[in-house]
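In terms of UniProt numbering, the sequence shown is residues 1 to 540. Think of the CB as a built atom: it goes at the ideal place given N, C-alpha and C, for glycine as much as any other residue.
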Amino acid sequence: MSSLNNFAEYVKDPDYKKKLAPKKFKREIRMPLGYGKKQIDERWKVITGNNKKYSEWMKENEAELSISALHQKDVKSELLDEDSMERSDIYKNNIENYIGTVKVPVAIAGPVRVNGVHANGDFFIPLATTEAALVASIARGVSCINQSGGATAVTVQQATNRDPIFIFDSISSLGEFVVWAQEHEKDFKRVAESTTSVGKLKEIRYIIEGPDLHMRCQYFTGDASGQNMVTLATEKIVEYVRQNAPVQPLECFLDGNMSGDKKASACAHQNVRGRKVVVEVTIPKEVCKRVLHCSPEMICRNAGIASRGLALNGSISQNLHLSNAYTALSIATGQDPACAAEAHVGIGRCELTKNGDVFTALTLPNLLCATVGGGTKLPSQLACLKIMGLAGSGKANAFAEVMGVVMLAGEISLGAAICSEDFAKAHKLLARGVETSEITESDSLEDQFTKVQSLLVKLENMPSKDEILQVYGLYKQATTGDINISKPAMFSFDLKAKAKYSAWKKLRGVPKEDAKKQYIEFVLNLHKKSNSQKNTETKA
Numbered sequence: 001m002s003s004l005n006n007f008a009e010y011v012k013d014p015d016y017k018k019k020l021a022p023k024k025f026k027r028e029i030r031m032p033l034g035y036g037k038k039q040i041d042e043r044w045k046v047i048t049g050n051n052k053k054y055s056e057w058m059k060e061n062e063a064e065l066s067i068s069a070l071h072q073k074d075v076k077s078e079l080l081d082e083d084s085m086e087r088s089d090i091y092k093n094n095i096e097n098y099i100g101t102v103k104v105p106v107a108i109a110g111p112v113r114v115n116g117v118h119a120n121g122d123f124f125i126p127l128a129t130t131e132a133a134l135v136a137s138i139a140r141g142v143s144c145i146n147q148s149g150g151a152t153a154v155t156v157q158q159a160t161n162r163d164p165i166f167i168f169d170s171i172s173s174l175g176e177f178v179v180w181a182q183e184h185e186k187d188f189k190r191v192a193e194s195t196t197s198v199g200k201l202k203e204i205r206y207i208i209e210g211p212d213l214h215m216r217c218q219y220f221t222g223d224a225s226g227q228n229m230v231t232l233a234t235e236k237i238v239e240y241v242r243q244n245a246p247v248q249p250l251e252c253f254l255d256g257n258m259s260g261d262k263k264a265s266a267c268a269h270q271n272v273r274g275r276k277v278v279v280e281v282t283i284p285k286e287v288c289k290r291v292l293h294c295s296p297e298m299i300c301r302n303a304g305i306a307s308r309g310l311a312l313n314g315s316i317s318q319n320l321h322l323s324n325a326y327t328a329l330s331i332a333t334g335q336d337p338a339c340a341a342e343a344h345v346g347i348g349r350c351e352l353t354k355n356g357d358v359f360t361a362l363t364l365p366n367l368l369c370a371t372v373g374g375g376t377k378l379p380s381q382l383a384c385l386k387i388m389g390l391a392g393s394g395k396a397n398a399f400a401e402v403m404g405v406v407m408l409a410g411e412i413s414l415g416a417a418i419c420s421e422d423f424a425k426a427h428k429l430l431a432r433g434v435e436t437s438e439i440t441e442s443d444s445l446e447d448q449f450t451k452v453q454s455l456l457v458k459l460e461n462m463p464s465k466d467e468i469l470q471v472y473g474l475y476k477q478a479t480t481g482d483i484n485i486s487k488p489a490m491f492s493f494d495l496k497a498k499a500k501y502s503a504w505k506k507l508r509g510v511p512k513e514d515a516k517k518q519y520i521e522f523v524l525n526l527h528k529k530s531n532s533q534k535n536t537e538t539k540a
């Protein structure tokens, strides 16, 4: 079967060429400029009055909209609520043509224990995402790290770069320029640092490609990510060259696209862009089995399989999904989420220790993050940084270490989920909404069992302690069968383990199929009870 079957069908369309042909743009619609409330209202008049696609969509969905109109806001009310309008001034340094705000759901994970040089203690983690199961997965990784004594984290380097390019007519001219440039690095440093009270030019590297010279200018940027800072500073170096170099380049540009900005590049492993952070944790075998549901041997073997898969795919990075945790934490705390491209470049390792535990570590050379400037000063984002106790000056290195540990938590949990076959199951339970009406007798017992688990994890009211233990016992009997773990010692202080053991043991001898049926019935009753409580509270 050809992978281009759909494309072939498009080509057969009589209007195929007409659709793809260039068409004259009849009238350019100009958005009102400025940052005041009046300009915001004027932009919305343009959007609703001159937006053909929006009008077409409204007409196509007219019937559906008329039914649910009472439950939906119009697009302007949804994006420009009262708060977004009243506080519109605070966004003027972060965005142009402002028309409102988009609300991304924020969840909390942790606290996570971080044993770092700059971050030391327990940190709550705000995560903004629309991907179901991501927060639950990171939370499980956090639990694993905590039960292993916390993760070690060290910020080992900090630098943000801009890479101007100078183009000459020959290598001979380029050579003369390089000699002059090296003799005037103090002047470069002086003019660059005149643009900032924080930034410091640390190093200049010269990369020659034919008659072109790339200058990698690396800066210390304090607690800011520094992307704008290094751009303005490097602009001064380019100006100094134009005005003073005895050998003038034919052309020069502020960036020769070698800086790695918003790009995943192989050289990132040997350099640093943002902060380079190394994190590690040794997970005891007991924690692997209890929290991750698989053995250390399985985890390490699967890590090897994953590495070979990455090699076959030509990946420049050795990890599972670093960009997932980075992006969720970045959106919540006002970082630049587009930097997930370079943040994803990192090396993960997973090794079996002599004691049969799992040693896992991450080397992250490109964590662009900040606790001042940019989006970190916006209200919601600043609130998230305050939750972490990492808002303001002097906190960026600590934030980078916490970010590294959160990314490690995501790697640990996803790796184990693939190993234990929990990966697809987690998405079935958390990413799909299930109503009781969807659970019918025509469903197989296994389908009913899966669907009620989705209902269980989304109950609005927390079941009682006895109900939770009943659910646990039925689930273990339905999936594993008769109890196969040792009874906790008589004088053990682990009361939770004793209660769980007792709940499972009570069901000894019940066939798996019967346990599944009991589990389904019990959870449906819990769901009914939860809805009843919700309705009572609503009426009150």
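What span of residues does the beta strand (DSSP E) with residue i cover, start to end?
i: Y252; result: Just to set this straight, residue 252 is Cys in the shown sequence, not Tyr. Segment E251 to F253, the beta strand (DSSP E) holding C252.
i: Q218; result: D212 to F220
i: T360; result: V358 to L367
i: R275; result: G274 to I283
i: I347; result: I347 to L352
Near residue i, what residues of its chain come up, given a Cβ to Cβ distance below 6 Å and the 5 sequence neighbours on each side ignored?
i: A503; result: L469, Y472 and G473
i: residue 558; result: A question about residue 558 goes unanswered here, because the residues of the chain that appear run from 1 up to 540.
i: T353; result: F359
i: T282; result: D357 and F359
i: D15; result: none
i: T152; result: N115 and E280
i: V291; result: S143 and C144
i: D81; result: none
Identify the continuous alpha helix (DSSP H) that holds residue i and give its terminal residues.
i: D466; result: K465 to T479
i: K53; result: K52 to E60
i: C300; result: P296 to L312
i: D482; result: Premise fails: D482 is in no alpha helix (DSSP H) and is neither H nor E.
i: S172; result: I171 to E183
i: C384; result: P379 to M388
i: D141; result: Before going on, a small fix: residue 141 reads as Gly here, not Asp. Here the alpha helix (DSSP H) through G141 covers L134 to N146.
i: V291; result: Where V291 is concerned, there is no enclosing alpha helix (DSSP H), given that its DSSP letter is neither H nor E.
i: L79; result: V75 to L79
i: Y16; result: Y16 to L20
i: R43; result: K37 to G49
So, for residue i: in the same chain, excluding its five sequence neighbours on each side, which residues have a beta-carbon less than 8 Å away from its beta-carbon?
i: A426; result: Bear in mind that the predicted position of A426 carries a pLDDT of just 44, short of 50, making it too unreliable to give a figure here.
i: D443; result: K451
i: I387; result: I108, F124 and P126
i: P246; result: E176 and W180
i: Q381; result: A332, T333, G334 and G375
i: C267; result: G260
i: E239; result: V191
i: I347; result: H269, S317, Q318, N319, L362 and T363
I'd like to confirm the pairing. Which residues does DSSP put opposite residue i in its beta bridges?
i: F166; result: L213 and C252
i: L127; result: A107
i: Q158; result: R275
i: Y240; result: According to DSSP, which records beta bridges pairwise, Y240 is partnered with nothing at all.
i: Q318; result: I347
i: K200; result: F220
i: T152; result: N115 and E280
i: I208; result: L213
Counting only the same chain and skipping the five closest in sequence on each side, list residues whose C-beta sits under 7 Å from that of residue i.
i: S259; result: N161, R162 and D163
i: T327; result: P337 and A340
i: G392; result: T371 and V372
i: N302; result: G415, I418 and C419
i: N94; result: G375 and L378
i: K263; result: A341 and E342
i: T195; result: L232, A233 and K236
i: R205; result: R216
Taking 6 Å as the line, does the beta carbon of residue i fall inside it for any heavy atom of the ligand ZN?
i: E78; result: For the ligand ZN, the structure offers nothing, since it holds no ligand at all.
Three or more C-beta pairs below 8 Å linking the region 260 to 277 and the region 138 to 145
no
Minimum length 3: unbroken beta strand (DSSP E) runs contained in the region 86 to 121:
106 to 116
Would you check if the region 100 to 116 and the region 386 to 406 touch, i.e. whether three or more CB-CB distances between them fall below 8 Å?
yes
How about the region 294 to 302 and the region 90 to 107: do they share at least three Cβ pairs that are nearer than 8 Å?
no
Can you find at least 3 beta carbon pairs, one from the region 249 to 259 and one from the region 314 to 329, that sit closer than 8 Å?
no
Could you check whether the region 301 to 316 touches the region 231 to 244, counting it as contact only if at least three pairs of C-beta atoms, one from each stretch, sit closer than 8 Å?
no
Touch test, the region 515 to 522 against the region 476 to 483, Cβ-Cβ under 8 Å, three pairs minimum
yes
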